[in-house]
Ligand code: UT7
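Numbering (the numbering used here), first residue to last: 1 to 335.
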């Protein structure tokens, strides 16, 4: 019997800071609206040619590998979560294997959007718990900015998302009272289109159809979000899945040392904080600086929290996410 534990964490965000005022030069929006509704002050956008989803993931991974005190050749498996891959196929997992010069281990791509990192951790954890692998590299990385509608038409979505990457090394832990205690995953495909990017896709509109139609009003290749519907579902599912994880381990909200929620909206994090009666220092938020970086948001936030000394041996750390799919999940960790 083994557990897995997080042995090393790293993150990378592009240098280019885009403030709310910068966005108001491109579209009809303003700093007050964005901050009031989301808590976001600024986000990072990749400057074209300087980074990709894969290169950001590789930069985060190098830091995580170094901090874990292992060599790249000790990595047995790669799990890469993103909704914004460099290529339609192959996914970025194999590009990381190539760019880091890792031997020919398996590389798996996870497509679960905002819940991607939680799903990826769950997969890695199960491989380690089964004894199959000892060290798994888990990456969440997103390059949103090149795919957003930066006009007033797209403002409800475009002001929210940002670019960046985070990574973790999961390693075998023989003390099963420590490390990842449990993971909890859910989905509800009934609401798939409520937060989605429909085209290009093989089902409806492929690139050739889009080019042939040459329709400037076609919004199907930009992300769509039914914001209020997503918000309402998010607060319910976040609460449920955190409670599910705590109950499974005979724990209660009082036991939480640090909650690191997916950074979807500061108002959602504040709602969860209030619901569970947590103090400000028990919830880590950084959406103010980076916006919503979907699969990258939890590993970036967890790394920052760890760097700030907010995650210590013995602490109960809870990760939770909700997003497109709908998908949601939680991870309960005894650090
Ligand atoms: O990470 C995955 C999960 N995602 C989430 O959990 C996101 C959940 N949803 C949300 O965070 C919120 O719904 C948003 C922040 C996306 C939007 O906030 P909202 O309070 O639901 O606003 P709304 O979409 O209902 O729009 C309100 C008004 C509209 O104008 P009218 O119709 O009232 O005249 C919008 O056109 O705000 C307008 N609006 C904007 N105004 C200025 C929409 N986007 C903007 C903008 N700047 N960027």
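Here a beta-carbon is modelled for each residue, glycine too, at the ideal position from N, C-alpha and C. Every value quoted in this text rests on a predicted model; they were computed, and no experiment measured them.
Check: residue 285 C-beta below 8 Å from any heavy atom of the ligand UT7: no
Within the segment 103 to 142, ranges of the beta strand (DSSP E) (whole runs, at least 3 residues): Within the segment 103 to 142, the complete beta strand (DSSP E) runs of at least 3 residues fall at 106 to 110, 135 to 142.
CA-to-CA distance, residue 326 to residue 277, given in whole angstroms: So the two alpha carbons sit approximately 26 Å from each other.
Beta-carbon gap between residue 23 and residue 220 smaller than 9 Å: no
Residues of its chain near residue 189, where Cβ-Cβ distance is below 7 Å and the 5 sequence neighbours each way are ignored: 325
Start-to-end residues for the alpha helix (DSSP H) that takes in residue 290: 287 to 290
Segment contact flag, the segment 94 to 114 with the segment 67 to 83, C-beta cutoff 8 Å, min 3 pairs: yes
First through last residue of the beta strand (DSSP E) which encompasses residue 8: 3 to 12
Expected contact under 8 Å - CB spacing of residue 9 and residue 67 to nearest Å: 6 Å
Residue 243 in three-state terms, based on DSSP: helix
Proximity test, residue 262 beta-carbon vs the ligand UT7 heavy atom, cut-off 8 Å: Under cutoff, so the answer is yes.
Element boundaries [beta strand (DSSP E), containing residue 303]: Careful: residue 303 lies outside any beta strand (DSSP E), inside the alpha helix (DSSP H) at 297 to 307.
Identity of the residue in 232, 291, 61, 33 nearest residue 191 by Cα: 232
Stretch pair the segment 268 to 283 + the segment 240 to 253: three plus CB contacts closer than 8 Å: yes
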